[in-house]
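K.L.:
Below are the structure tokens for one structure; questions will follow.
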Amino acid sequence: MYDYTQPLSRSEASRAEVRQQTDIELSGKEWTLLPDVFSPAHSKSSLAHLSLLEFPVGGTFLEIGSGIGLIAVEAALAGCRAVYATDLNPAAVKNTELNAERFGVADRVTAVHSDLFDALHDAPAFDVVYWHSNNVWAPPELDLTAHELAYVDPGYEAHRRYFREARNHLAPGGRVLIALSSRAGRPELDELAAADEQRLITLDSTTVDEPEGPVVYELLELVTR
Ligand SMILES: C[S@@+](CC[C@H](N)C(=O)[O-])C[C@H]1O[C@@H](n2cnc3c(N)ncnc32)[C@H](O)[C@@H]1O
Numbered sequence: 001m002y003d004y005t006q007p008l009s010r011s012e013a014s015r016a017e018v019r020q021q022t023d024i025e026l027s028g029k030e031w032t033l034l035p036d037v038f039s040p041a042h043s044k045s046s047l048a049h050l051s052l053l054e055f056p057v058g059g060t061f062l063e064i065g066s067g068i069g070l071i072a073v074e075a076a077l078a079g080c081r082a083v084y085a086t087d088l089n090p091a092a093v094k095n096t097e098l099n100a101e102r103f104g105v106a107d108r109v110t111a112v113h114s115d116l117f118d119a120l121h122d123a124p125a126f127d128v129v130y131w132h133s134n135n136v137w138a139p140p141e142l143d144l145t146a147h148e149l150a151y152v153d154p155g156y157e158a159h160r161r162y163f164r165e166a167r168n169h170l171a172p173g174g175r176v177l178i179a180l181s182s183r184a185g186r187p188e189l190d191e192l193a194a195a196d197e198q199r200l201i202t203l204d205s206t207t208v209d210e211p212e213g214p215v216v217y218e219l220l221e222l223v224t225r
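For the sequence shown, full-length UniProt numbering assigns the number 1 to the initial residue and increments by one for each residue that follows.
Below is the structure:
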């Protein structure tokens, strides 16, 4: 498991922190990136996961933790009828709105400031619920910035809640997905899923060379046991 108790100045999160609004290029498109928001230009994870995802074209898609809105906007551009995007970080909610406007899909993307599902009061049921989670484990007592919380989940508390609550937001036949990397504590996450009579099954994966060595990015589905 990736060790987040290393000094923060050496952490991936600190290296990727952006101090001012900027434009970043991803897959031939220019995106807005606000300060304190997870940057898909600094981490190869977002594009790796995007390459594994199939959107429910014509259907409804919920992205938890939308960051700059890359996945939410791509879902709308791919033809999802309604896309909701939540993030705990208010700057990420604003960033998702800005990119939805930039790509002309603001009418189909609703960005909500929410801790997981908490503020989704008027949302429809979803064909797919997806979270590219901050899946690096950290000790529960760590006090972290919003930017660092884009990478780590202290005590895996948010994962515990995602596993418990996501299925309550599904349309009939809907699916709960989660995007993880080999930096995650997979045995701990499997245990959390099992505690709710569920299990994680891998749908697809890709391996990317990163400075510390190859990293595996996986798309998984949370299913009832
Ligand atoms: C690894 S980043 C992924 C960002 C974006 N989806 C992407 O693929 O580039 C995880 C995101 O989840 C958000 N997040 C972390 N905990 C959350 C929570 N409890 N509720 C909602 N969003 C959360 C973070 O702020 C961050 O934007």
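Note that beta-carbon positions come from the ideal geometry of N, C-alpha and C, so glycine has one too.
#1: Below 8 Å, how does it come out for the region 181-195 and the region 138-145: are there three or more Cβ pairs, yes or no?
#2: Ignore the nearest five residues each way along the sequence and tell me which others in Ser46's own chain have a CB closer than 6 Å to its CB.
#3: Less than 8 Å between the beta carbons of Leu222 and Arg161, yes or no?
#4: Taking buried to mean at least 16 other C-beta atoms within 10 Å of its own C-beta, is Thr145 buried or exposed?
#5: Buried or exposed: which applies to His121, given that a residue is buried once 16 or more other Cβ atoms fall within 10 Å of its Cβ?
#6: Within the present structure, is the beta-carbon of His49 separated from the nearest heavy atom of ligand 1 by less than 7 Å?
#7: Quick one: is Thr207 buried, meaning 16 or more other Cβ sit within 10 Å of its Cβ, or exposed?
#8: Let me check understanding here. Comparing Cα to Cα, which of Leu52, Glu74, Glu63 and Phe61 lies closest to Gly28?
#9: I need the straight-line Cα distance from Pro214 to Lys44, nearest angstrom please.
#10: My output table needs one value for Pro154: the three-state DSSP class, helix, strand or coil.
P.N.:
This is what the structure holds:
#1: no
#2: Counted from its first residue, the sequence shown places residue 46 at position 46. Same-chain partners within the cutoff: Pro40 and Leu70.
#3: Residue 222 sits at position 222 when you count from the first residue of the sequence shown. Residue 161 sits at position 161 when you count from the first residue of the sequence shown. Not a contact, by the Cβ cut-off of 8 Å.
#4: In the sequence shown, the residue the question calls residue 145 occupies position 145. Exposed, by the Cβ-count rule.
#5: For the purposes of this step, residue 121 is taken as residue 121 along the sequence shown, with counting starting at 1. His121 comes out exposed.
#6: Position 49 of the sequence shown, counted from the start, is the residue given in the question as residue 49. Checking every heavy atom of ligand 1 against the Cβ of His49, one is found closer than 7 Å.
#7: Counting from 1 along the sequence shown, the entry for residue 207 is found at position 207. Looking at its Cβ environment, which holds fewer than 16 other Cβ atoms inside 10 Å, Thr207 is exposed.
#8: Reading the sequence shown from its first residue, position 28 is the one you call residue 28. Ranking Leu52, Glu74, Glu63 and Phe61 by Cα distance to Gly28 puts Glu74 first.
#9: Against the sequence shown, residue 214 aligns to sequence position 214. Against the sequence shown, residue 44 aligns to sequence position 44. Distance between the alpha carbons of Pro214 and Lys44: 11 Å.
#10: For the purposes of this step, residue 154 is identified with residue 154 of the sequence shown, where counting begins at 1. If DSSP states are grouped into helix, strand and coil, Pro154 belongs with the strands.
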